[in-house]
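The next block holds one structure in the form of structure tokens; read it before the comments.
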Amino acid sequence: MSKGKIPTDGGKDLGQNPFGALDGLSLPAGKPVEASAVKAEEKPAKNRGRVEVLRMTAGRGGKTVTVARAFVGIGLPEKEQLAKKMQKACGSGGTVKDGQIEIQGDQRETVMRVLTEAGFRPVLAGG
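If you're matching positions, the sequence shown starts at 8 in our numbering and goes up one per residue.
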């Protein structure tokens, strides 16, 4: 080979295992987490109500937004928290306006998944 090239044939063996010293230690074995180990307080309530998810373009200069509306029994701080989760999952911007969550773009499937994980029952509304 020439001077400036690095060989790509694998070269010679390292001669030692860099993780070999870990075999002698008494490290705990990884255990899978069971569903019963998760506390009931951490799980959201199962049926928190029906939420409409629709796509709108009216009054936005032709731009499409996904709107989640008809929330029952949750306040503005929780809607803002849900909007943040949706924005992160969709990789787009959004806001909470007039009690509705608006996410930029046609993101209905992702918004429905986030709402389902939060314990809501999302339905597609509109045309």
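By construction, the Cβ of each residue, glycine as well, lies at the ideal position given by its N, Cα and C atoms.
On the CB-based measure, 16 or more other CB atoms within 10 Å of its CB, does A47 come out buried or exposed?
Because A47 carries a pLDDT of 49, less than 50, the predicted location of this residue cannot be relied on, and no value is offered for it.
Going by beta carbon distance, what residues of the same chain come within less than 7 Å of I13, once the five residues before and after it are set aside?
none
Under three-state DSSP, which class holds R120?
helix
Could you check whether I110 and Q94 sit closer than 8 Å to each other, using their CB atoms as the reference points?
yes
Count the other CB atoms within 10 Å of the CB of A65; is the residue buried (16 or more) or exposed (fewer)?
Exposed, since its Cβ has fewer than 16 Cβ neighbours within 10 Å.
Out of R67, T102, G106, V58, state which residue places its alpha-carbon closest to the alpha-carbon of M119.
Minimum Cα distance to M119 is reached at V58.
Straight-line CA distance for A75 to I108?
5 Å
Use the C-beta contact count for T115: other C-beta atoms within 10 angstroms, 16 or more gives buried, fewer gives exposed.
According to the sequence displayed, residue 115 carries Arg and not Thr. The residue in question, R115, is buried, as its Cβ has 16 or more Cβ neighbours within 10 Å.
Here's the rule I'm using: 16 or more other beta-carbon atoms within 10 Å means buried, otherwise exposed. How should T102 be labelled?
Exposed, by the Cβ-count rule.
For L122, count neighbouring C-beta atoms within 10 Å of its own C-beta (all shown protein chains included) and say buried if the count is 16 or more, exposed if not.
With 16 or more Cβ atoms within 10 Å of its Cβ, L122 is classed as buried.
For Q23, which residues of its own chain have a beta-carbon under 7 Å away from its beta-carbon, when the five flanking residues on both sides are left out?
none
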